[in-house]
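**Q** Here the protein sequences line up with chains L and H, keeping their order.
Numbering (this note's numbering) for the first sequence: 1 to 459.
Numbering (this note's numbering) for the second sequence: 1 to 459.
Glycine is no exception: its CB is placed at the ideal position from the N, C-alpha and C atoms.
A quick note: this is a predicted structure, and the numbers were derived from the prediction, not measured.
Before we start, here is the structure in question, set down as structure tokens.
2 protein chains.
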Amino acid sequence: MHDYLTRRDYLKAAGLTLAACTVSLPATAAAAQAKPTMPNMIVIFTDDLGYGDLSSFGHPTIRTPNLDRMAAEGMKLTQFYTASAVCTPSRAGLMTGRLPIRNGMCSDKRRVLFPDSAGGLPKTEITIATALKKHGYATSCVGKWHLGHLPEFMPTNHGFDEYFGIPYSNDMKPSPLVKNLETIEEPVDQHTLTKRYTAQAERFITANKDKPFFLYFAHSFPHVPLFASKDFEGKSPRGLYGDVVEELDWSVGRILETLKKLNIDKNTVVFFTSDNGPWLTCNIRGGSAGLLRGGKGSTWEGGMRVPTVAWWPGTIKPATINTDITSTVDIFPTCLDLAGAAMPTDRIYDGFSLKETLVSGTKAERELLFYYRGTKIYAVRKGPWKLHFITQAGYRDKPHKQDPPMLFHLDHDPSEKYNIAAKHPDVVEEIIADVEKHKATVKPFPTQLEKRIPKNKKG
Amino acid sequence: MHDYLTRRDYLKAAGLTLAACTVSLPATAAAAQAKPTMPNMIVIFTDDLGYGDLSSFGHPTIRTPNLDRMAAEGMKLTQFYTASAVCTPSRAGLMTGRLPIRNGMCSDKRRVLFPDSAGGLPKTEITIATALKKHGYATSCVGKWHLGHLPEFMPTNHGFDEYFGIPYSNDMKPSPLVKNLETIEEPVDQHTLTKRYTAQAERFITANKDKPFFLYFAHSFPHVPLFASKDFEGKSPRGLYGDVVEELDWSVGRILETLKKLNIDKNTVVFFTSDNGPWLTCNIRGGSAGLLRGGKGSTWEGGMRVPTVAWWPGTIKPATINTDITSTVDIFPTCLDLAGAAMPTDRIYDGFSLKETLVSGTKAERELLFYYRGTKIYAVRKGPWKLHFITQAGYRDKPHKQDPPMLFHLDHDPSEKYNIAAKHPDVVEEIIADVEKHKATVKPFPTQLEKRIPKNKKG
């Protein structure tokens with residue numbers, strides 16, 4: 001394992017290995033052997049896609065044959081969570097492997113970053129890209145960033161070799177399309193956005209087919225406003241929302257097909273998931289959380305449990321259904337583990353590696369899962385139990401303090417219908433004590449979401 | 001095609017065919033060729049299983065690997081309906097291919113048959129079993145009947161060669177287990193019911209492997225009270241409800257495995273579905289309708305749209321997802337069409353054959369779907385539109401007249417959240433006119449559900 005090698009070191013090391021092997025093994029065999037030590041990794045991250053929006057997760061009229069096939073060839077994760085029910089903190093959790101409370105990427109006043117925000121992901125944070133780049137990976141970010149749009153916070157200053165996308169949500173003005181740090185189109189034509197993102201992703205994969213790479217592919221859709229290309233518009237029975245999701249499904253199919261064509265599919269791990277639940281107040285322009293309660297902005301299951309598929313042909317057992325409690329904060333340690341890189345030891349991480357779960361089907365043992373909203377813990381999951389201290393129906397609804405807290409058994413009651421706190425005072429007590437222990441590990445970092453660009457400066 | 005041959009005629013005809021072919025073709029090849037003309041048919045019918053209760057329909061913790069594989073090898077039908085949201089009328093619709101309003105198997109006073117009921121499916125009705133038996137099929141009914149428990153109404157007097165099961169719901173006393181017309185156990189031990197039903201079904205299939213057969217396999221579960229065998233009790237994360245559904249899934253696996261072992265799988269069409277939606281008022285002992293609104297007893301989608309899979313290896317294209325509007329009343333014409341039997345012409349049928357949909361993927365073109373509750377039309381579906389005249393949350397809730405009627409676009413809004421009647425007065429008008437045309441075809445038959453056995457007689 002080559003911990004913390006620079007990319008140049010990696011290439012040098014790989015070259016030496018090949019040279020040293022020429023007598024006993026042909027170069028291709030050596031290359032094939034060397035591959036599994038540093039697999040490529042791709043994270044496809046959709047925006048506001050609900051738990052119930054894929055055919056394989058129960059939607060009756062949205063057609064997602066590529067994602068269904070991805071699940072049939074790989075692993076469907078039915079209890080996979082995000083770090084937050086809204087965009088910016090959710091992405092901070094994914095990128096750093098740490099709850100947003102630990103790095104200031106949350107606030108109780110401004111829930112996400114806006115075009116007038118002056119903050120972003122602190123330089124002291126280590127992203128998956130930073131860690132993997134240091135370890136010899138080529139890194140690319142395609143799509144929505146939303147972790148700060150001032151130059152110092154942009155992907156190319158957070159470990160990515162390159163960036164192509166909209167730096168924040170697609171409903172925020174002036175909707176620039178940015179390449180690295182330069183705006184190349186404003187406002188961006190969103191009709192062709194999924195297609196152009198996909199082309200960028202395919203180009204990066206193809207250019208890096210012979211070296212390890214990490215691609216973070218964060219779609220701007222199905223966040224409103226919805227746009228699909230001419231090939232998809234008006235085609236889905238589910239209307240424009242379905243058109244958009246079906247184009248995302250097409251994009252997934254293109255990525256997997258590209259990996260197969262380049263013969264690097266067996267050496268590439270692909271995760272597909274969403275940043276939070278569906279935006280239920282958008283009428284039919286919003287998605288569905290299926291049997292789960294609530295949606296985006298809510299700490300009910302529908303806000304934070306998202307449709308997730310992992311794919312790694314030849315390694316993940318096909319058609320696996322994993323019901324363990326897993327999270328986007330597990331992606332960082334998983335990627336580092338797969339790459340053979342050591343985890344930084346100077347800070348607290350909230351996830352763990354899923355490598356053995358993917359490779360051998362080992363149970364992912366999570367003791368606790370926290371449902372933060374802003375800086376507050378609204379709910380906690382422990383095994384099948386979920387305790388709610390505060391609930392909130394959706395993004396713009398008012399929070400309701402639950403005193404006494406509400407307790408649900410999620411395995412028996414995934415739709416959170418039956419509060420059984422009164423029957424299980426011991427479980428309630430135990431989880432309350434767990435929360436106190438967790439809080440002792442948290443030193444809230446000053447919020448980065450409330451800083452604003454002075455009005456006379458351009459955002 | 002041998003329309004309306006008796007079984008003896010069929011065997012005679014088959015014998016002649018084989019004799020005539022001995023010179024040009026070996027007998028086995030002739031038999032193999034003859035097979036597709038009269039495939040075996042199996043209908044597996046569960047009780048109160050909800051749209052969201054299978055893994056392949058989006059349930060996170062109920063494990064249904066056999067049904068998931070059945071869907072992967074066959075066709076998942078995502079818009080398949082029952083003839084009613086409760087047991088007796090739903091089963092009458094399946095068995096006869098006709099809406100219960102046409103044969104008296106509905107009532108606004110007694111929704112289903114009870115142990116003190118004296119009525120049942122009228123002798124004038126033709127069941128799938130009667131039609132197929134006449135056409136040369138061996139016929140068996142295993143499980144719940146619920147179309148009349150007095151001898152004249154029982155399966156063996158409605159076209160079935162044999163019967164083994166509970167004649168009504170498993171929560172009704174005295175819970176007899178009946179073989180043909182004889183009670184063999186009372187009350188029945190329900191823990192082993194799914195296992196014993198399955199053994200009966202396997203026995204029938206094996207005994208009839210060389211001749212065409214029709215098996216109607218109607219499970220008593222997951223209707224409450226719930227019972228699982230020792231192999232399944234306490235095993236599902238979903239609790240007892242999950243145990244019971246996972247045992248049903250095991251049973252499905254056994255049936256498909258038996259067909260494969262006997263090498264008759266390519267000559268057998270299997271349908272799996274449910275009689276109505278989940279019983280939502282049973283707390284965690286009831287199932288889930290997934291993203292659909294309402295459950296058992298309701299004409300919201302959750303009451304009448306059920307998880308359905310069709311399987312016919314070598315004929316149905318694997319992993320097909322069919323989103324056409326289909327129904328249990330289509331099973332009768334489909335079975336007759338597959339058998340090559342002509343439909344009776346002396347009565348009105350409410351379904352049509354799905355043969356071409358199964359064989360070639362041809363779109364099933366249904367003009368209208370009626371949601372009856374008792375003798376009244378509560379709602380109507382036409383294409384993507386659904387118009388509600390009366391709504392009712394669940395089995396024991398009060399009906400609410402909707403005046404003006406509520407209109408939903410089910411393809412865009414499968415959860416029936418957004419009433420858009422005001423925006424589409426033309427659609428509302430059109431459907432109201434369609435209902436009048438339909439009503440003109442209906443001569444309500446006297447209800448069979450209100451007749452009672454005099455109190456001094458044994459039920």
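(1) Rounded to whole angstroms, how far is the Cβ of L/Ser-220 from the Cβ of L/Asn-170, which I believe are closer than 8 Å?
(2) Taking the alpha carbon of H/Leu-256 as the reference point, which residue from H/Thr-328, H/Lys-455, H/Ile-205 has its own alpha carbon closest?
(3) Compare the C-alpha of H/Val-188 against each of H/Ala-207, H/Gly-143, H/Lys-209 and name the closest.
(4) Mapping DSSP to helix, strand and coil, what is H/Asp-346?
(5) So what's L/Asn-283 in DSSP terms, helix, strand or just coil?
(6) What are the residues of the stretch 231–246 of chain H that lie near chain L, defined by any Cβ-Cβ distance shorter than 7 Å?
(7) Which value, in whole angstroms, describes the spacing of the CA atoms of L/Ala-342 and L/Val-269?
(8) Taking all protein chains shown into account, do 16 or more other C-beta atoms lie within 10 angstroms of the C-beta of H/Thr-28, making it buried, or fewer, making it exposed?
(9) Can you find a CB in chain L that lies within less than 9 Å of the CB of H/Thr-61?
(10) Grouping DSSP H, G and I as helix and E and B as strand, with all else coil, what is L/Tyr-395?
(11) Under a CB-based cut-off of 9 Å, is L/His-409 close to chain H?
(12) Please work out which residues of its chain come closer than 6 Å, Cβ to Cβ, to H/Pro-176, disregarding the five sequence neighbours upstream and downstream, and give them in chain order.
(13) Taking only runs of the beta strand (DSSP E) that begin and end inside the stretch 317–361 of chain H, which ones reach a length of at least 3 residues, in chain order?
(14) Compile a chain-ordered list of the residues in the stretch 419–430 of chain H whose CB is closer than 7 Å to at least one CB of chain L.
(15) Helix, strand or coil for H/Leu-407? Go by DSSP, reduced to three states.
(16) Leaving out five residues on either side along the sequence, give the residues of the same chain with a beta carbon under 8 Å from the beta carbon of H/Ala-20.
(17) Quick one: residues in its chain with C-beta nearer than 7 Å to the C-beta of H/Ala-393, no 5 flanking neighbours on either side, listed in chain order?
(18) Note down, one range per segment and in chain order, each beta strand (DSSP E) of at least 3 residues found wholly within the stretch 210–291 of chain H.
(19) Give the interface partners of H/Pro-399 over in chain L, defined as CB-CB distance under 7 Å, in chain order.
(20) Could you spell out the range, first to last residue, of the beta strand (DSSP E) harbouring L/Lys-76?
(21) Would you say H/Asn-283 lies against chain L (beta-carbon separation less than 9 Å)?
(22) At a cut of 8 Å, does the stretch 91–108 of chain H reach the stretch 304–312 of chain H through at least three beta carbon pairs?
(23) Express the C-alpha separation of H/Gly-93 and H/Pro-333 in angstroms, rounding to a whole number.
(24) Smallest Cα separation from L/Lys-401: which of L/Asp-243, L/Tyr-378, L/Phe-232, L/Gly-351?
(25) Check whether the stretch 263–280 of chain L touches the stretch 360–379 of chain L, taking contact to mean three or more Cβ pairs, one atom from each stretch, closer than 8 Å.
(26) Thinking C-alpha only, which one of L/Ile-62, L/Pro-405, L/Arg-196 is nearest H/Thr-323?
(27) Beta-carbon of L/Ala-289 versus every beta-carbon of chain H: anything under 9 Å?
(28) With DSSP as the reference, label L/Tyr-378 as helix, strand or coil.
(29) Report the rounded CA-to-CA distance for H/Asp-47 versus H/Gly-287, giving the unit in angstroms.
(30) Going by other Cβ atoms of all chains shown within 10 Å of its Cβ, with 16 needed for buried, is H/Arg-452 buried or exposed?
(31) Got a sec, what are the start and stop residues for the beta strand (DSSP E) H/Thr-308 sits in?
(32) For H/Thr-22, is the classification buried or exposed, using 16 other Cβ atoms within 10 angstroms of its Cβ as the cut-off for buried?
(33) Do you know offhand how far L/Ala-131's Cα is from L/Arg-347's?
(34) Anyone know if the C-beta pair for L/Arg-98 and L/Glu-125 falls short of 9 Å?
(35) May I have the straight-line CA-CA distance separating H/Glu-162 from H/Pro-454, to the nearest angstrom?
(36) I need the DSSP call for H/Thr-441, collapsed to helix, strand or coil.
**A** So, from the listed chains and residues:
(1) One-based indexing of the first sequence puts residue 220 of chain L at position 220. One-based indexing of the first sequence puts residue 170 of chain L at position 170. About 4 Å separates the two Cβ atoms, so the contact holds.
(2) Indexing the second sequence from 1 puts residue 256 of chain H at position 256. The candidate whose alpha carbon is nearest that of H/Leu-256 is H/Ile-205.
(3) If you number the second sequence from 1, residue 188 of chain H lands on position 188. Cα-wise, what sits closest to H/Val-188 is H/Gly-143.
(4) For the purposes of this step, residue 346 of chain H is taken as the residue at position 346 of the second sequence. If DSSP states are grouped into helix, strand and coil, H/Asp-346 belongs with coil.
(5) The count along the first sequence starts at 1 and reaches residue 283 of chain L at position 283. In this structure, L/Asn-283 counts as helix in the three-state DSSP scheme.
(6) Pro-237, Arg-238, Gly-239
(7) By one-based count along the first sequence, residue 342 of chain L stands at place 342. By one-based count along the first sequence, residue 269 of chain L stands at place 269. Taking the straight line joining both Cα atoms gives about 19 Å.
(8) As a working mapping, residue 28 of chain H is identified with position 28 in the second sequence. Caution is warranted here: a pLDDT of 43 is assigned to H/Thr-28, below 50, making its placement in the model unreliable, and the coordinate value is therefore given only provisionally. Classification of H/Thr-28: exposed, given that the 10 Å Cβ count is below 16.
(9) As a position in the second sequence, residue 61 of chain H is number 61, starting the count at 1. Closer than 9 Å to some Cβ of chain L, the Cβ of H/Thr-61 qualifies, so yes.
(10) For the purposes of this step, residue 395 of chain L is taken as the residue at position 395 of the first sequence. Note: L/Tyr-395 maps to coil in three-state DSSP.
(11) Position 409 of the first sequence holds residue 409 of chain L. L/His-409 counts as touching chain H.
(12) For this step, residue 176 of chain H is matched to residue 176 along the second sequence. Same-chain partners within the cutoff: Thr-183, Glu-186.
(13) 320–322
(14) none
(15) Here residue 407 of chain H is taken as the residue at index 407 of the second sequence, counted from 1. Strand, per DSSP.
(16) Residue numbering aside, residue 20 of chain H sits at position 20 when the second sequence is read from its first letter. No answer about H/Ala-20 holds up, because its pLDDT of 32 lies below 50 and its placement is not dependable.
(17) For this step, residue 393 of chain H is matched to residue 393 along the second sequence. Correct list, in chain order: Gly-294, Ser-298.
(18) 213–218, 268–274
(19) Taking the first residue of the second sequence as 1, we reach residue 399 of chain H at position 399. Under the 7 Å cutoff, chain L gives no residues; its nearest Cβ is about 23 Å from H/Pro-399.
(20) What you label residue 76 of chain L is simply residue 76 of the first sequence in a count that begins at 1. First-last of the beta strand (DSSP E) with L/Lys-76: 75–77.
(21) As a working note, residue 283 of chain H is residue 283 in the second sequence. With 9 Å as the cut-off, H/Asn-283 counts as an interface residue toward chain L.
(22) no
(23) As a first step, residue 333 of chain H is located in the second sequence; it is residue number 333 there, counting from the start. As a first step, residue 93 of chain H is located in the second sequence; it is residue number 93 there, counting from the start. Approximately 12 Å between the Cα atoms of the pair.
(24) Against the first sequence, residue 401 of chain L aligns to sequence position 401. Comparing Cα positions, the closest option is L/Tyr-378.
(25) no
(26) For the purposes of this step, residue 323 of chain H is taken as residue 323 along the second sequence, with counting starting at 1. Closest option to H/Thr-323, Cα to Cα, is L/Ile-62.
(27) In the first sequence, counting from the first residue as 1, residue 289 of chain L sits at position 289. Cβ-Cβ to chain H under 9 Å: yes for L/Ala-289.
(28) Walking along the first sequence from the start, residue 378 of chain L turns up at place 378. Strand at L/Tyr-378.
(29) Along the second sequence, one-based indexing puts residue 47 of chain H at 47. Along the second sequence, one-based indexing puts residue 287 of chain H at 287. Whole-angstrom Cα-Cα distance: 11 Å.
(30) For the purposes of this step, residue 452 of chain H is identified with residue 452 of the second sequence, where counting begins at 1. Exposed: under 16 other Cβ atoms inside 10 Å.
(31) Start at 1 with the first residue of the second sequence, and residue 308 of chain H comes out as number 308. First-last of the beta strand (DSSP E) with H/Thr-308: 308–311.
(32) Translated into positions along the second sequence, residue 22 of chain H becomes position 22. Residue confidence is low: H/Thr-22 scores 31 on pLDDT, short of 50, so the model does not pin down where it sits. Its coordinate-derived value is still stated next. So H/Thr-22 ends up on the exposed side.
(33) Taking the first sequence and counting its residues from 1, one reaches residue 131 of chain L at position 131. Taking the first sequence and counting its residues from 1, one reaches residue 347 of chain L at position 347. So the two alpha carbons sit approximately 14 Å from each other.
(34) Residue mapping note: residue 98 of chain L aligns to position 98 of the first sequence, counting from 1. Residue mapping note: residue 125 of chain L aligns to position 125 of the first sequence, counting from 1. The answer is yes: Cβ separation under 9 Å.
(35) As a first step, residue 162 of chain H must be located in the second sequence, where it is residue number 162. As a first step, residue 454 of chain H must be located in the second sequence, where it is residue number 454. The straight-line gap from Cα to Cα measures roughly 29 Å.
(36) Taking the second sequence and counting its residues from 1, the one referred to as residue 441 of chain H is at position 441. Correct three-state label for H/Thr-441: helix.
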